[in-house]
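> Numbering (the numbering used here), first residue to last: 3 to 566.
Even for Gly, the Cβ is constructed at its ideal location relative to N, Cα and C.
Predicted model only: the values in this text are computed from it and were never measured.
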RNA sequence: UGACCCAUGGUGUAAUUGGCAACACGUCGGAUUUUGGUUCCGCAGAGUCCUGGUUCGAGCCCAGGUGGGUCAGCCA
């Protein structure tokens with residue numbers, strides 16, 4: 003192996019998993035071949051936790067010249083649906099990974115798996131148990147007490163064989179019999195106490211239809227599927243750690259050479275203020291707590307995509323948090339940092355006023371319109387300029403005017419001057435207020451014609467505001483999102499249901515927002531920085547007649563901190 | 001009265017494999033800025049869960065504790 007391919011030589015820290023891979027290559031295991039797999043069960047949408055696994059599985063393969071298969075773990079026909087398969091593939095591609103032609107299904111191996119089970123029976127390593135679930139469960143013992151042996155454990159091979167075939171022919175009802183591996187009922191590891199490897203299920207399978215009446219359990223499918231596909235590194239999450247001896251035991255019964263897949267476990271992704279349980283996310287959808295799997299508040303990949311997250315930002319985040327064996331809870335603010343960093347480079351800046359307040363420039367001709375040329379992105383001048391119309395009636399943000407401003411308020415106030423970004427410096431001369439409600443209705447200003455942007459005016463003011471010409475503005479609905487839960491760990495509270503922590507203010511819909519006219523043709527998923535406010539993305543609900551934007555994330559707001 | 005896994009600033013990770021505990025985010029200052037954004041500079045913040053041991057030297061090795069997690073689905 004060439005030294006310069008070894009990241010350790012370059013002193014880049016690598017995860018313990020990557021170190022295993024490097025060591026395995028050095029030792030020439032499996033002829034130095036690297037082959038991983040991403041094995042989702044098609045029973046729900048992918049979430050950001052899956053992104054962590056995807057980045058590892060595909061990432062390691064790519065980095066070390068190997069391959070990564072996509073394999074649907076479809077061993078349980080009662081839980082799985084075709085609906086999910088397409089979304090899973092779409093999400094993986096969106097994230098930036100590709101399995102080429104290697105799209106597999108555990109159900110592809112039902113035949114081989116059945117043969118293997120038959121083989122185990124013949125070797126006296128598996129038996130049919132006629133007892134009901136509760137009896138088998140009771141005989142398993144407890145973690146601190148050994149199990150007891152099933153009365154069917156020593157049934158002769160011929161009887162087991164006959165029954166197993168008849169189980170698959172549909173002769174027996176669901177739950178009436180199972181096939182068990184004969185390992186060790188006294189093992190300190192519960193997984194090894196004669197685990198069930200086949201059960202009778204009479205549901206329609208999305209790929210194999212009615213062909214099978216018995217289906218392999220996860221433990222009897224996963225390692226073998228890895229083996230059939232030539233997987234070298236089977237990376238999964240920590241809860242499968244205690245399954246590893248069983249994984250190895252089964253592979254040992256199967257293998258005929260030095261090749262063997264190796265299971266390595268890493269920590270799951272946990273994020274503050276949300277949860278990853280597929281079951282609970284499904285409940286949120288079914289109970290209408292969110293609008294769907296792709297609700298922009300969901301931690302699903304389709305939700306994050308709709309929210310305006312980029313694949314690059316998610317990959318960056320995953321890279322930042324690393325892979326260890328510690329059960330960590332990652333701060334959502336790190337994810338937000340990752341999108342801001344990415345969007346700062348990519349998103350064109352525009353003006354959008356969310357809570358409009360009318361400003362009238364009293365010394366600007368009512369019939370005059372100037373096209374102000376404004377840089378699309380100061381971070382990247384190659385993104386060019388755009389023209390924004392300026393006139394005597396404008397909208398500014400309500401927050402940008404105060405009748406009685408506090409100390410250090412740099413925005414508009416009676417007698418104060420501010421710059422309108424890309425246009426002129428204006429001075430507030432007076433304002434109109436509804437005496438009943440106290441609401442400011444209009445602000446009257448004068449502009450200084452010598453301060454037009456780009457014309458070299460020396461005049462400096464502290465504050466710069468975004469604005470939109472009233473006459474030219476396009477209307478939009480803007481949806482502001484906050485965390486879905488107001489508890490850091492909503493699903494980790496023993497005494498409280500996670501629903502109790504649903505944040506009632508997680509969605510705020512603002513109708514009647516005023517945007518600069520260049521935004522009129524914006525299409526779903528297009529991303530912008532609304533200057534001074536945050537990053538926004540066009541929603542799928544948006545039409546030319548009714549623009550809808552989602553706020554991905556706000557800009558950092560030091561003024562908000564000063565106010566506190 | 002089991003087996004297995006884990007423990008480093010607020011959070012997430014690192015520590016050239018036994019040699020001055022570092023990085024990112026966050027926080028707090030300051031500079032720059034026609035975004036209170038960005039960028040840049042800087043401060044503070046852990047002595048590595050505890051007790052022993054080995055060693056010239058331990059975050060790292062050993063022993064024993066403590067705390068947390070996983071496992072008793074015919075789910076994955």
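#1: Can you tell me where the beta strand (DSSP E) holding residue 44 begins and where it ends?
#2: Can you tell me the Cα-Cα spacing of residue 159 and residue 98, whole angstroms?
#3: Let me know the secondary structure DSSP gives residue 567 once reduced to three states.
#4: Mapping DSSP to helix, strand and coil, what is residue 162?
#5: Check whether the Cβ atoms of residue 356 and residue 399 lie closer than 8 Å to each other.
#6: From the DSSP output, in three-state form, read off residue 5 for me.
#7: For residue 63 and residue 299, what's the separation of their Cα atoms in angstroms?
#8: Between which two residues does the beta strand (DSSP E) carrying residue 556 extend?
#9: Using a threshold of 8 Å, state whether the C-beta atoms of residue 345 and residue 46 are closer than that.
#10: Going by DSSP, what residue range makes up the beta strand (DSSP E) through residue 398?
#11: For the segment 262-274 and the segment 218-232, state whether three or more C-beta atom pairs, one from each stretch, are separated by less than 8 Å.
#12: So residue 425 and residue 454 are in contact, right, with Cβ under 8 Å, and what is the actual spacing, rounded?
#13: Determine the direct distance from the alpha carbon of residue 92 to that of residue 385, and round the result to whole angstroms.
#14: Can you find the residues in the same chain that come closer than 6 Å, C-beta to C-beta, to residue 48, ignoring five residues on each side of it along the sequence?
#15: Going by alpha carbons, who is nearest to residue 463 out of 293, 239, 410 and 498?
#16: Tell me whether residue 511 is buried or exposed, calling it buried when 16 or more other Cβ atoms sit within 10 Å of its Cβ.
#17: Please list, in chain order, all residues of the same chain as residue 6 whose beta carbon is under 7 Å from its beta carbon, the five residues on each side excluded.
#18: Does the pairing of the segment 246-253 with the segment 269-283 give three or more beta-carbon distances under 8 Å?
#19: Which residues in the same chain as residue 465 place their Cβ atom closer than 6 Å to its Cβ, once the five residues preceding and following it in sequence are excluded?
#20: Taking contact to mean at least 3 C-beta pairs separated by less than 8 Å, is the segment 197-207 in contact with the segment 181-189?
#21: Is it buried or exposed, residue 11, if we count other Cβ atoms within 10 angstroms and call 16 or more buried?
#22: Starting from residue 284 and walking both ways along the beta strand (DSSP E), at which residues does that stretch end?
#23: Name the residue from 427, 416, 157 and 187 whose alpha carbon lies nearest to the alpha carbon of residue 148.
#24: Determine contact between the segment 161-180 and the segment 207-217, defined as no fewer than three beta-carbon pairs at a distance below 8 Å.
#25: So does the segment 467-484 actually touch the segment 517-528, counting three or more Cβ pairs closer than 8 Å?
#26: Assign residue 136 to one of three DSSP states: helix, strand, or coil.
#27: Residue 54 and residue 253 - do their beta-carbons sit closer together than 8 Å?
#28: Hey, how far is the Cα of residue 226 from the Cα of residue 84?
#29: Can you have a look at residue 437 and say buried or exposed, based on whether 16 or more other CB atoms are within 10 angstroms of its CB?
#30: Might you give, ordered along the chain, the residues of its own chain that have their beta carbon closer than 8 Å to the beta carbon of residue 342, omitting 5 neighbours on each side?
#31: When the Cα of residue 77 is compared with those of 175, 19, 220 and 65, which residue comes out closest?
#32: Helix, strand or coil for residue 439 per DSSP?
In brief:
#1: Working through the first chain from its first residue, we reach residue 44 at position 42. Neither: residue 44 is in no beta strand (DSSP E) and is coded neither H nor E.
#2: For the purposes of this step, residue 159 is taken as residue 157 along the first chain, with counting starting at 1. For the purposes of this step, residue 98 is taken as residue 96 along the first chain, with counting starting at 1. Taking the straight line from one Cα to the other gives about 50 Å.
#3: As displayed, the chain neither begins before 3 nor continues past 566, which places residue 567 out of reach and without an answer.
#4: As a first step, residue 162 is located in the first chain; it is residue number 160 there, counting from the start. The three-state secondary structure of residue 162, taken from DSSP, is helix.
#5: Taking the first residue of the first chain as position 1, residue 356 is located at position 354. Taking the first residue of the first chain as position 1, residue 399 is located at position 397. In this structure, residue 399 lies closer than 8 Å to residue 356 by Cβ.
#6: Within the first chain, the letter at position 3 stands for residue 5. For residue 5, the pLDDT reaches just 30, beneath the cut-off of 50, and the residue's location in the model is therefore unreliable, although a value from the coordinates is still provided. Helix.
#7: Counting from one through the first chain, the residue named residue 63 turns up at place 61. Counting from one through the first chain, the residue named residue 299 turns up at place 297. If I take the Cα positions, the gap works out to 32 Å.
#8: Locating residue 556 in the first chain gives position 554, where the first residue counts as 1. Run containing residue 556: 549-556, per the beta strand (DSSP E) assignment.
#9: Locating residue 345 in the first chain gives position 343, counting from the first residue. Locating residue 46 in the first chain gives position 44, counting from the first residue. In this structure, residue 46 does not lie closer than 8 Å to residue 345 by Cβ.
#10: The sequence position of residue 398 within the first chain is 396, counting from 1. Residues 395-399.
#11: Judged by Cβ distances under 8 Å, the segment 262-274 makes contact with the segment 218-232, as three or more pairs qualify.
#12: By one-based count along the first chain, residue 425 stands at place 423. By one-based count along the first chain, residue 454 stands at place 452. Indeed, because the Cβ distance is near 7 Å, the residues count as touching under 8 Å.
#13: As a first step, residue 385 is located in the first chain; it is residue number 383 there, counting from the start. As a first step, residue 92 is located in the first chain; it is residue number 90 there, counting from the start. One Cα belongs to residue 385, the other to residue 92, and the distance between them is close to 29 Å.
#14: In the first chain, counting from the first residue as 1, residue 48 sits at position 46. The answer, listed in chain order, is 90, 93 and 303.
#15: Along the first chain, one-based indexing puts residue 463 at 461. Ranked by how close their Cα comes to the Cα of residue 463, the residues 293, 239, 410 and 498 have 410 in first place.
#16: Locating residue 511 in the first chain gives position 509, where the first residue counts as 1. Exposure of residue 511 is indicated by the presence of fewer than 16 other C-beta atoms within 10 angstroms of its C-beta.
#17: In the first chain, residue 6 corresponds to position 4, counting from 1. Any reading at residue 6 is ruled out, since the residue's pLDDT is 35, under 50, leaving its predicted position unreliable.
#18: No contact exists between the segment 246-253 and the segment 269-283.
#19: Within the first chain, the letter at position 463 stands for residue 465. So the list reads 412, 413 and 420, once near-sequence residues are dropped.
#20: Yes, they touch.
#21: Numbered from 1 along the first chain, position 9 holds the residue referred to as residue 11. Note that residue 11 has pLDDT 45, beneath the 50 cutoff, so the model's placement of it is unreliable and the number below is only indicative. So residue 11 counts as exposed.
#22: Taking the first residue of the first chain as 1, we reach residue 284 at position 282. The continuous stretches of beta strand (DSSP E) do not include residue 284, which lies in the alpha helix (DSSP H) extending over residues 280-288.
#23: Numbered from its first residue, the first chain carries residue 148 at position 146. Checking every option, the nearest Cα to that of residue 148 belongs to 187.
#24: Three or more beta-carbon pairs separated by less than 8 Å link the segment 161-180 to the segment 207-217, which places the two stretches in contact.
#25: A contact exists between the segment 467-484 and the segment 517-528.
#26: Translated into positions along the first chain, residue 136 becomes position 134. Correct three-state label for residue 136: helix.
#27: Within the first chain, the letter at position 251 stands for residue 253. Within the first chain, the letter at position 52 stands for residue 54. Against a cut-off of 8 Å, the Cβ pair of residue 54 and residue 253 comes out as no contact.
#28: Along the first chain, one-based indexing puts residue 226 at 224. Along the first chain, one-based indexing puts residue 84 at 82. Spanning the two alpha carbons is a distance of roughly 23 Å.
#29: Mapped onto the first chain, residue 437 falls at position 435. Exposed.
#30: The residue you call residue 342 lines up with position 340 of the first chain. Excluding sequence neighbours, residue 342 sits near 537, 555, 557 and 558.
#31: As a position in the first chain, residue 77 is number 75, starting the count at 1. Here the closest residue by C-alpha is 220.
#32: By 1-based counting over the first chain, the position of residue 439 is 437. Coil, per DSSP.
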